[in-house]
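According to my numbering, the sequence shown is numbered sequentially starting from 12.
All residues carry an ideal CB built from backbone N, CA and C; glycine is no exception.
Please read the structure below before turning to the comments.
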Amino acid sequence: AVIIEGGKIKPVWFESADETALGRINIKEICSVWLHSQGAARIINFSVWDGSNTYRLSLNTKDFTWSMGIAEETPFPSPSAASTWRFRKNVD
Numbered sequence: 012a013v014i015i016e017g018g019k020i021k022p023v024w025f026e027s028a029d030e031t032a033l034g035r036i037n038i039k040e041i042c043s044v045w046l047h048s049q050g051a052a053r054i055i056n057f058s059v060w061d062g063s064n065t066y067r068l069s070l071n072t073k074d075f076t077w078s079m080g081i082a083e084e085t086p087f088p089s090p091s092a093a094s095t096w097r098f099r100k101n102v103d
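Below you can see the structure in the form of structure tokens.
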């Protein structure tokens, strides 16, 4: 399922057609969006997080098909938690 706001596509949830055991995956955060071309088709890619795993969703805008892949699995923290990380400069 997607929401279109201001001409932009925002994925909300998805289900895998091949693996019904996954059930519905509710998207908690869109981590990044990027475009690329595949022949005459323009592909919109989304890196999304469900609270446990990060997925890559890709929309082919020529034939309006979606593809999905798992990018990362836990134990990685929430993408929004990255803004609270503190890095220390090593001083020898």
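query	result
According to DSSP, simplified to helix, strand and coil, what is Thr72?	coil
Roughly how many angstroms lie between the CA atoms of Asp61 and Arg67, to the nearest whole one?	11 Å
Can you tell me which of the three DSSP states Ser27 falls into?	coil
Compare the C-alpha of Gly8 against each of Phe25, Arg53, Ile54 and name the closest.	Residue 8 is absent from the model: the chain starts at 12 and stops at 103.
Going by DSSP, what residue range makes up the beta strand (DSSP E) through Asn63?	The identity of residue 63 in the sequence shown is Ser, whereas the question assumes Asn. Unbroken run through Ser63: none, as it is neither H nor E.
By the three-class DSSP mapping on this structure, what secondary structure does Ile15 have?	strand
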